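Engineer: Residues in the sequence shown are numbered consecutively from 85, following my numbering.
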Amino acid sequence: MIELIDRLMVRGRLEQKEISELLRFRKPETVEYLFEKARMVRAGNRRKAAEIWGRIPVSSYCKYNCKMCGLRRDNQFAKRYRMDEKTVLSCCMQYYRQGVRGFYLESGDDIALSEKNMAQLLLGIAERLENVKVVLAMGEKPLSAYAHWKQIGADGYVLYHGCANEQQFKKIYPSNMSPLLRKQCLWGLKEYGYQAGTGFLVGLPYQTMDDVAADICFIREFCPSIIDVGAFVPALHTPFERERSGNGEVVLQIIAIFRIMFPEAHIIADPTLDRVMQNGRFRALDAGADVLLVDALEGGWLEQYQVYERRTGRLSAPVDNVEQCREQLRMRGLSL
Ligand code: SF4
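1. Closer than 7 Å: is that where the CB of residue 29 sits relative to any heavy atom of ligand 1?
2. Just to confirm before moving on: does the CB-CB distance between residue 285 and residue 316 stay below 8 Å?
3. Ligand 1 and residue 247: does any heavy atom of the ligand fall closer than 7 Å to the residue's C-beta?
4. For ligand 1, any of its heavy atoms closer than 7 Å to the Cβ of residue 193?
5. Report whether the distance from the Cβ of residue 314 to the nearest heavy atom of ligand 1 is below 7 Å.
6. In chain order, what are the residue ranges of uninterrupted beta strand (DSSP E) at least 3 long that sit wholly in the segment 269–353?
7. Go ahead and pull the three-state DSSP assignment for residue 426.
8. Please report the residue range of the beta strand (DSSP E) in which residue 142 lies.
9. Can you pull the DSSP bridge partners for residue 191?
10. Which of the three DSSP states, helix, strand or coil, is assigned to residue 230?
11. Let me know if residue 290 comes out buried or exposed under the rule of 16 or more other beta-carbons within 10 Å of its beta-carbon.
12. By DSSP, does residue 241 sit in helix, in strand, or in coil?
13. What does a CB cutoff of less than 6 Å around residue 364 pick up in its chain, not counting 5 residues either side in sequence?
14. Consult DSSP for residue 217 and reduce its assignment to one of helix, strand or coil.
15. Ligand 1 and residue 153: does the residue's C-beta get closer than 7 Å to at least one heavy atom of that ligand?
16. Please report the residue range of the alpha helix (DSSP H) in which residue 92 lies.
17. Using C-beta distances below 7 Å, list every residue in its chain close to residue 117, excluding the 5 sequence neighbours before and after it, in chain order.
18. To the nearest angstrom, report how far apart residue 337 and residue 115 are at their CA atoms.
19. Does the count of Cβ pairs from the segment 232–251 and the segment 272–282 closer than 8 Å reach three?
20. Taking the C-alpha atoms as reference points, what is the distance between residue 383 and residue 302?
21. Taking 7 Å as the cut-off, is the CB of residue 266 close to at least one heavy atom of ligand 1?
22. Would you mind working out which of 353, 293 and 292 sits nearest residue 310, comparing C-alpha positions?
23. Please report how far the alpha carbon of residue 146 lies from the alpha carbon of residue 255, in whole angstroms.
24. What do you reckon, is the C-beta of residue 283 under 7 Å from a heavy atom of ligand 1?
25. Output needed for residue 96: all residues of its chain with C-beta closer than 6 Å, excluding positions within five of it in sequence on either side, in chain order.
26. Helix, strand or coil: which one does DSSP assign to residue 381?
27. Which residues in the same chain as residue 125 place their Cβ atom closer than 6 Å to its Cβ, once the five residues preceding and following it in sequence are excluded?
28. For the alpha helix (DSSP H) containing residue 112, name the first residue and the last one.
29. Identify every residue that forms a DSSP beta bridge with residue 372.
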């Protein structure tokens with residue numbers, strides 16, 4: 085395994101079979117060796133520092149019915165809301181006052197978040213706040229909307245490709261969701277100059293390690309600027325509510341592999357990790373991630389945004405203390 089990791093360091097890539105071999109083999113010393121190499125790559129990339137992005141859950145409506153997601157259209161128990169422009173701006177201000185300069189605007193695939201509404205919102209942010217980064221994760225939109233939003237201030241856009249294995253895709257995602265369309269959206273985002281981001285969930289029902297390796301290879305070919313790998317968390321009132329959570333250790337390994345493959349990409353320490361392991365996001369930083377996604381909004385928004393509400397009650401996800409998060413970055417020698 086050490087040989088595979090060294091090969092990854094030299095070549096910056098591994099073949100699908102090699103990736104799945106590496107992920108299956110989880111001897112602690114080897115995993116630590118992988119993390120060490122990932123941190124080395126991150127440290128060698130001097131142009132980059134760590135960043136904190138504040139998550140703003142803009143809307144909990146979704147037109148799709150993905151089996152693993154608490155926001156799925158048919159979940160009658162999901163609390164539905166859509167923030168108006170004023171509310172989103174006040175969330176941005178809340179983060180701004182805490183020194184956060186990156187906003188991660190996330191929502192279900194909500195058809196009411198139209199090109200026009202979002203454009204107005206982006207202009208509002210640009211008018212009020214300087215030197216901020218806006219990353220959107222709002223699902224599939226017409227290419228014209230992507231182009232327009234980029235022109236007026238969106239910096240990045242994250243859209244999960246789903247599953248590279250189409251058979252697996254059909255088992256998880258609804259029949260009206262097309263893997264091809266998602267890929268077209270991703271290529272469009274790149275073409276319009278976004279920091280284009282993608283990712284996937286680890287530990288979904290039916291997913292094998294070969295499927296995970298195929299997802300990594302898809303991302304390797306796409307060459308994203310932002311990578312977000314989350315852990316599957318069984319959500320209440322979904323067909324998968326009784327399934328087991330994804331393995332956070334595997335997510336950490338994948339983060340390390342991506343760091344070595346893409347020294348300059350932003351790799352998100354995703355909040356789902358805290359729901360499957362203690363200090364999951366901070367451990368992601370130890371594995372090579374460089375963006376800490378924080379939930380530090382007052383107002384109870386995150387309680388309503390129940391993507392991951394669990395059968396046994398929501399695993400504790402208190403509002404983050406941004407200063408403590410900064411301290412965690414400093415402790416790891418990561419500058420802001
Ligand atoms: S995963 Fe995304 S697209 Fe699917 S139901 Fe959830 S929010 Fe909607």
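Ideal Cβ placement from N, Cα and C applies to all residues, glycine included.
Computed from a predicted model, the values in this text were never measured in an experiment.
Structural biologist: To lay it out plainly:
1. Because the chain here runs from 85 to 420, residue 29 falls outside it and cannot be looked at.
2. Less than 8 Å divides the Cβ of residue 285 from the Cβ of residue 316.
3. Flag unset: Cβ of residue 247 not near ligand 1.
4. yes
5. no
6. 279–286, 310–315 and 350–353
7. Outside the displayed range of the chain (85 to 420) lies residue 426, so it cannot be described from this structure.
8. 135–143
9. 143
10. helix
11. exposed
12. In this structure, residue 241 counts as strand in the three-state DSSP scheme.
13. 332, 357 and 358
14. If DSSP states are grouped into helix, strand and coil, residue 217 belongs with the strands.
15. yes
16. Annotation: the continuous alpha helix (DSSP H) that includes residue 92 extends over 86–95.
17. Here the set comprises 86 and 89.
18. 7 Å
19. yes
20. Looking at the two C-alpha atoms, the distance is approximately 38 Å.
21. no
22. 353
23. CA-CA distance, residue 146 to residue 255, rounds to 19 Å.
24. no
25. 345
26. coil
27. 343, 344 and 347
28. 112–128
29. DSSP, once it has assigned bridges, lists no residue as partnering residue 372.
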